[in-house]
């Protein structure tokens with residue numbers, strides 16, 4: 008009798024856990040669905056329009072307190088146009104180059120996702136250093 012109750016308890020717990028896992032899987036993330044829809048719409052565009060745009064502004068690794076924790080978001084970007092984006096990366100190796108520009112002006116190449124909430128960064132445009140102005144010796 009004890010063995011049957013114990014077996015029933017274990018089976019019941021496993022069924023309960025499986026139900027919770029299936030319920031979690033059946034609720035798709037609305038942001039993920041929207042990003043997937045935008046990706047499909049982008050594939051219909053000509054090849055030259057799929058590369059993304061260039062955005063100039065200030066990058067910061069500090070996230071605003073109002074955002075929900077998301078492991079794929081690495082920072083914020085305030086564009087010169089005044090729009091603020093949460094930054095996601097196509098490749099994690101970009102973060103090494105991007106961290107140099109923390110709280111500095113930078114030009115990013117990327118695509119807007121979720122109606123302008125996220126900027127998925129494809130690359131960082133490195134600007135060459137300003138030329139050093141040299142005065143000619145001598146005089147008039």
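Numbering (the working numbering), first residue to last: 8 to 147.
Ideal placement from N, C-alpha and C gives every residue a C-beta, glycine not left out.
Exposure label - residue i; buried when at least 16 CB within 10 Å
i           : result
residue 120 : buried
residue 145 : exposed
residue 69  : exposed
residue 40  : exposed
residue 89  : exposed
residue 79  : exposed
residue 29  : For residue 29, the predicted model reports a pLDDT of 48, less than 50, meaning its position is unreliable and no value from the coordinates is stated.
residue 142 : exposed
DSSP state of residue i mapped onto helix, strand, coil
i           : result
residue 31  : Interpretation of residue 31 is limited by its pLDDT of 45, a score under 50 that renders its predicted location unreliable; no figure is taken from the coordinates.
residue 43  : helix
residue 103 : helix
residue 21  : Because residue 21 carries a pLDDT of 45, less than 50, the predicted location of this residue cannot be relied on, and no value is offered for it.
Short Cβ contact (8 angstroms threshold) for residue i with residue j
i           : j           : result
residue 113 : residue 131 : yes
residue 59  : residue 117 : yes
residue 128 : residue 107 : no
residue 86  : residue 62  : yes
residue 124 : residue 93  : yes
Cross-strand partners of residue i (DSSP beta bridge)
i           : result
residue 109 : 66
residue 3   : Not covered by the structure: residue 3. The range shown for the chain is 8 to 147.
residue 144 : Note: residue 144 sits in no beta bridge, so no partner.
residue 124 : For residue 124, which the question treats as bridged, DSSP gives no partner whatsoever.
Chain D within 8 angstroms of residue i, Cβ atoms only
i           : result
residue 124 : Checking the listed chains, one finds no chain D in this structure; it contains a single protein chain.
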